[in-house]
Every structure is written in C-alpha cells, then in structure tokens.
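Heads up: the sequence shown is residues 2 to 205, going by the numbering used here. Read the structure below first, then the notes.
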Amino acid sequence: MTNDYHLDLYRSLVYNPCNSATACGFKFFFNPLNPKVKINHQIRAKELRVITDAGEILGVLSLSEALAKAEALGLDLIEISPNAEPPVAKIMDYGKFQYQQSKKQKEAKSRAHVTETKTLQVKIGTSEHDLELKAKNASKWLKEGHRVKIDLFLVGRSKYADIGFKKERLDRVLTLISEEYRLAGEPLKSPKGLSVVLERVSKK
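As structure tokens, then:
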C-alpha cells in the first residue's frame with residue numbers, strides 16, 4: 002500500500018469520546034467513500050448475519066455478540082448490506098475496507114467508456130492522401146468503440162448526381178478503413194449530400 006493510502010487513513014481516523022480505542026474497544030471512522038456505511042456502534046440493527054473477511058459465515062448473531070467477536074479479533078464490524086433481512090455485516094479492518102472500496106471505484110471508472118459519434122467530412126475532390134488520413138482516423142475511432150458518421154459533402158452539379166455516383170464516392174473512403182465495421186443503416190440523403198454511420202463489430 003502507498004504512503005498516500007496510510008496518510009489518508011490516518012486523516013480519516015476519529016476516536017470515540019473515551020479517547021482510548023483499547024479501553025472502549027472500537028475506533029470510529031469518517032467514511033468519505035460511502036458515508037452511509039455504518040460500522041461498530043453506529044450499527045442499529047439488533048441482529049446481523051455475520052461473515053468474516055475470509056468468507057467464513059458465522060451465522061445470525063445479536064449486535065452485541067457480533068461486536069464482541071470483532072473486538073476480540075481487533076477488527077471492525079462493518080454493515081455491508083443494510084437492506085438484507087437480517088442485515089449483513091463483515092468483520093474486517095475498516096481501513097482495508099476503505100482501501101478496497103476506493104480501488105473498486107477507480108477500476109470501475111477506468112472501465113467506463115462514453116461512446117460518441119465522430120464525424121468525418123469527405124468531398125468529391127478529396128485527394129487520395131487525405132482520404133487515407135480520414136480513413137485512418139475512422140479506424141482509430143471505431144477501435145475505441147465510437148460510432149463514425151461519414152458525410153459526403155456535395156456542391157454544384159454533384160448534388161444532383163444519381164445515388165449510384167454518390168455511393169461510389171462514399172465507397173472510396175469506406176474501402177480504406179482497416180477496422181472491421183458494419184453500417185448502422187443505409188446511406189441517407191443529408192443537407193450536405195449523403196451520410197452513413199459506421200459501428201464497430203464486437204469481437205467475441
């Protein structure tokens with residue numbers, strides 16, 4: 002564990018009024034991660050289903066019995082499922098519990114991914130080099146899990162060209178995309194000309 006973890010743990014520690022964790026049996030913490038979590042004498046349930054940090058099931062105990070077991074082990078009694086019947090509590094070190102909760106939150110945040118729709122604009126006269134660059138960007142976005150909207154921008158006479166001509170021009174960039182994709186729908190007319198949306202193919 003890092004020094005920052007120990008420093009944060011030290012800052013979060015608040016002892017009960019008797020000023021002796023040993024004499025009074027328990028220490029009280031402020032929980033910045035989940036202030037709704039009750040520990041030790043903050044718990045109000047009369048009975049609890051108690052488990053240990055190792056997963057051992059101690060069964061349904063009265064609050065006083067559960068507190069006594071936690072105190073005997075020099076650990077804390079943490080109410081982890083207050084809405085269960087009876088509520089579930091775990092005997093473990095509260096500092097370790099906080100650290101685990103913080104780690105889970107960070108891991109969940111890192112896994113969270115916001116899908117966006119990225120847009121590429123292609124013109125009739127776009128050079129092959131520029132098309133390759135645009136296709137490279139599209140491949141990158143698809144790989145990241147985003148949708149990609151490709152707008153074929155038409156000007157002048159090209160606006161009135163048949164749909165086959167427009168699709169052919171659109172295919173110029175589609176064939177250059179290296180990442181596997183599927184069309185979210187058929188190419189549609191848009192105010193600019195023609196648009197199509199691509200989605201990444203999920204790899205199992």
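Ideal Cβ placement from N, Cα and C applies to all residues, glycine included. Computed from a predicted structure; not experimentally measured.
- In the structure shown, Leu78 falls within a strand segment according to DSSP collapsed to helix, strand and coil.
- Every unbroken stretch of the beta strand (DSSP E) spanning 3 or more residues and falling wholly within the region 141 to 168 is given here in chain order: 148 to 154.
- In the structure shown, Ser203 falls within a coil segment according to DSSP collapsed to helix, strand and coil.
- In this structure, the alpha-carbon of Glu72 lies about 32 Å from that of Glu108.
- Distances from the alpha-carbon of Leu78 to those of Glu86, Ile92, Pro88, Glu48 put Ile92 closest.
- Within its own chain, the residues whose Cβ lies closer than 6 Å to the Cβ of Gln122, once the five positions on either side in sequence are excluded, are Asp152, Phe154, listed in chain order.
- One thing to note: Ile40 has its Cβ no nearer than 9 Å to the Cβ of Val89.
- By the neighbour-count criterion, in which 16 or more other beta carbons inside 10 Å mark a residue as buried, His147 falls on the buried side.
- With respect to Leu195, Leu171 sits close: the two C-beta atoms are nearer than 9 Å.
- Per DSSP, Thr53 is one residue of the beta strand (DSSP E) stretching across 48 to 53.
- For Ser63, the enclosing beta strand (DSSP E) starts and ends at 58 to 63.
- Bounds of the beta strand (DSSP E) holding Gln122 are 118 to 124.
- Under the three-state reduction of DSSP output, Leu195 falls in the strand class.
- In this chain, the beta strand (DSSP E) harbouring Leu184 covers 182 to 184.
- Your pair Ala136 and Val149 does not check out as a contact, with CB atoms roughly 10 Å apart and the cut at 8 Å.
- The beta carbon of Gly60 is closer than 8 Å to those of Arg50, Val51 in its chain, skipping five residues each way along the sequence.
- Assigned with DSSP and collapsed to three states, Lys37 falls in coil, not helix or strand.
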